[in-house]
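Quick note on numbering: the sequence shown equals residues 38 to 372 in our numbering. Structure first, then comments.
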Amino acid sequence: MTQPINLGIIGAGLAVKQLHWPALKRLRDRYTFSAVADIDPEKADAITRLVGANKTFTDYRELLALPEVEAVLISLPIHLTAHIAIEAARSGKHVILEKPLAANLEQARLTRDELARYPVKVLVAENMRYRDDLIAARRLIDEGAIGDLILVRMQSLSHVDASDPESFASTPWRQDIQYRGGALLDGGVHHAAAMRGIAGEVEWVQAFTKYGGHDQLTGPTTLSMNLRFRSGAIGAYLFSSTCHNEDAGFLMLTIHGTAGTIEIRDTTSRLLRPGQPPETIVDNAEGGYYGEFLNFYAAIREDQPIVSTVEQGYRDMELILRAIDSAEQATVLLL
Numbered sequence: 038m039t040q041p042i043n044l045g046i047i048g049a050g051l052a053v054k055q056l057h058w059p060a061l062k063r064l065r066d067r068y069t070f071s072a073v074a075d076i077d078p079e080k081a082d083a084i085t086r087l088v089g090a091n092k093t094f095t096d097y098r099e100l101l102a103l104p105e106v107e108a109v110l111i112s113l114p115i116h117l118t119a120h121i122a123i124e125a126a127r128s129g130k131h132v133i134l135e136k137p138l139a140a141n142l143e144q145a146r147l148t149r150d151e152l153a154r155y156p157v158k159v160l161v162a163e164n165m166r167y168r169d170d171l172i173a174a175r176r177l178i179d180e181g182a183i184g185d186l187i188l189v190r191m192q193s194l195s196h197v198d199a200s201d202p203e204s205f206a207s208t209p210w211r212q213d214i215q216y217r218g219g220a221l222l223d224g225g226v227h228h229a230a231a232m233r234g235i236a237g238e239v240e241w242v243q244a245f246t247k248y249g250g251h252d253q254l255t256g257p258t259t260l261s262m263n264l265r266f267r268s269g270a271i272g273a274y275l276f277s278s279t280c281h282n283e284d285a286g287f288l289m290l291t292i293h294g295t296a297g298t299i300e301i302r303d304t305t306s307r308l309l310r311p312g313q314p315p316e317t318i319v320d321n322a323e324g325g326y327y328g329e330f331l332n333f334y335a336a337i338r339e340d341q342p343i344v345s346t347v348e349q350g351y352r353d354m355e356l357i358l359r360a361i362d363s364a365e366q367a368t369v370l371l372l
């Protein structure tokens, strides 16, 4: 019989409503909720009702003081995440926190090191590490289905609608940024996680960025990046939040090997090999959010290893922010 975890929620924004709750409500035998905190009382009340909690706070410290709360979900603007995650760990709570884990690389490094001091479980909510299509693709590569890995090509080109109140780009903190990299960091860490999960660690990076082209978004809005992985494979990554494009999926990944290719187009993936018909790998892929909370539960209750660690979250950030450094310095940079 499972022993549910009492999960407090800090931050009552779109991610909780659109991403986390649909996964958590499938795990009612593993999670219960007693408290929600958000500086906006209306948002806090709405999420409190949604999850069936009975306490609402506008100060997260009051939530952290509750002895019945074992763990917290931190889903806040990027520049607020790090210090609250540290406070939560210091108070003895297990932590699942939204990516990216800090506002810049130095803060991320300090946060990583500080969180390691406390005997609690910490999971960075990077759903790409839990997507069944990416997991299946990595397994096929390991089994030799496409031969030796040659090239990983990632593309995410779209025009973000910041006027839609249900769009993540509509949130004020994503438009008036207080963290390095803007929309490129916010979205790019997902792609960094996917590429690193497929091809391993990156050895060097060279990039170009472009600013502007969007009325609401600031920071670099477009990126072209070349990568070399330590495995010897190379990569290419194109990102833009300003392009009007028919092929506008968020995750458009092509993995080329000496004996075949894997294509992932948002939720559909195929294995392509010469002389053979295309094979569907995963159709209508699970987004990964369910897997995050399943792993978090198993880490706390069964001492299972965390897949999306703080170190992994740090390395995702490092890749994107070093790419921005490369563009600004007009040079190739080692990681």
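We put the CB at the ideal spot given by N, CA and C, even for glycine.
Query	Result
Segment contact, 8 Å Cβ cut-off, at least three pairs: the segment 137-154 with the segment 305-319	no
Beta-bridge partners of Gln192, as assigned by DSSP	Leu275 and Met289
Through-space distance from Gly286 to Gly129, alpha-carbon basis	40 Å
Spatial distance of Arg371 from Asp170 (CA atoms)	The question names Arg, yet the displayed sequence has Leu at residue 371. For Leu371 and Asp170, the distance between alpha carbons rounds to 30 Å.
Cβ neighbours of Ala335 in the same chain (closer than 8 Å, five flanking residues each side left out)	Gln341
N-terminal and C-terminal residue of the alpha helix (DSSP H) that Val382 is part of	Nothing can be reported for residue 382: it is not among the residues displayed for the chain, which extend from 38 to 372.
The segment 45-55 touching the segment 67-80, judged by at least three CB pairs closer than 8 Å	yes
Span of the alpha helix (DSSP H), counted from its first residue to its last, around Lys54	Counting along the chain, Lys54 falls outside any alpha helix (DSSP H), and DSSP gives it neither H nor E.
Short Cβ contact (9 Å threshold) for Val88 with Leu101	no
Touching by the beta-carbon criterion (3+ pairs, under 8 Å), the segment 233-243 and the segment 355-365	yes
Under the three-state DSSP convention, the category Arg265 falls into	strand
Any non-hydrogen atom of the ligand NAP within 8 Å of Leu331 CB	Judged by which ligands are present, the structure shown has none, so any question about the ligand NAP falls away.
Ala153 versus Leu117: straight-line alpha-carbon distance, rounded	19 Å
Contacting residues, own chain, Cβ-Cβ under 8 Å from Gly218 (five flanking each side not counted)	Gly225, Gly256, Pro257, Ile357, Leu358 and Ile361
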